[in-house]
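Asker: Following the working numbering, the numbering of the sequence shown begins with 8 at its first residue and continues without gaps.
Every residue gets a Cβ at the ideal spot worked out from N, C-alpha and C, and that includes glycine.
One structure coming up, written as structure tokens, with questions to follow.
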Amino acid sequence: MEQLNTIQKRDSLNTVYRDGEAGPGGAHHDYVVSFGGGLPESDGDGVRIQFQRGPRMDPEARKGVCNADLLEIVRDQLRAFQAGPFACRENACALTHIEEALMWLNRRTEDRAERNVLGTTEK
Numbered sequence: 008m009e010q011l012n013t014i015q016k017r018d019s020l021n022t023v024y025r026d027g028e029a030g031p032g033g034a035h036h037d038y039v040v041s042f043g044g045g046l047p048e049s050d051g052d053g054v055r056i057q058f059q060r061g062p063r064m065d066p067e068a069r070k071g072v073c074n075a076d077l078l079e080i081v082r083d084q085l086r087a088f089q090a091g092p093f094a095c096r097e098n099a100c101a102l103t104h105i106e107e108a109l110m111w112l113n114r115r116t117e118d119r120a121e122r123n124v125l126g127t128t129e130k
């Protein structure tokens, strides 16, 4: 596992690791978030995030989360904070950019669907 060089340096609660080799397209598909600094020693010390590996229409592809899934989770949490006592400008800005990222990812999906290449490795 390789520890990621994350943006948040000071007082970070967790450590993020990339696990395994790069897959199709050059991206990694397995990550571990450690809740105590070092590598997790038991299930309660961290969580593994498994991304989809391979085209969604390929029966041999490994099922997993996609980028939009994680962004939707963060969007939901920030929207809840903004509706409650933790609303702030920084969260509002982050929420705006997350929604923009989701829009661009959806635009890519729609474009691929229109060209009948969604769920394949075709460009």
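Where DSSP assigns a beta bridge to D37, which residues make up the other side?
Answerer: D37 is bridged to D26 and Q57.
Asker: Among N123, V72, H104 and G71, whose alpha-carbon lies nearest the alpha-carbon of R86?
Answerer: Measuring from the Cα of R86, the nearest candidate turns out to be H104.
Asker: Assuming C73 and F58 are in contact, meaning their beta carbons sit under 8 Å apart, how far apart are those beta carbons, in whole angstroms?
Answerer: Between F58 and C73 the Cβ distance is about 7 Å, and since that is below 8 Å, they are a contact.
Asker: Figure out for me which residue from N113, S41 and R114 has the closest Cα to the Cα of T22.
Answerer: The shortest C-alpha separation from T22 is found at S41.
Asker: With distances taken between CB atoms, is the gap from P62 to T116 smaller than 7 Å?
Answerer: No, they are not a contact pair.
Asker: Run the CB neighbour count on R69, radius 10 Å, all protein chains shown included, and call it buried at 16 or more, exposed below.
Answerer: Looking at its Cβ environment, which holds fewer than 16 other Cβ atoms inside 10 Å, R69 is exposed.
Asker: Sort out for me which residues DSSP pairs V72 with in a bridge.
Answerer: BP columns for V72 point to F58.
Asker: Could you give the residue range of the alpha helix (DSSP H) that holds R115?
Answerer: Per DSSP, R115 belongs to the alpha helix (DSSP H) from R96 to E121.
Asker: Excluding the 5 residues preceding and the 5 following R114 in the sequence, name in chain order all residues of the same chain whose CB lies nearer than 6 Å to its CB.
Answerer: Excluding residues within five positions, none has a Cβ falling inside 6 Å.
Asker: Is DSSP giving S15 helix, strand or coil here?
Answerer: It is worth fixing the name first, because residue 15 is Gln in this sequence and not Ser. Coil at Q15, not helix or strand.
Asker: Relative to the alpha-carbon of G45, which residue among G33, M8, D76 and I14 has its alpha-carbon at the smallest distance?
Answerer: For G45, the nearest C-alpha among the options comes from M8.
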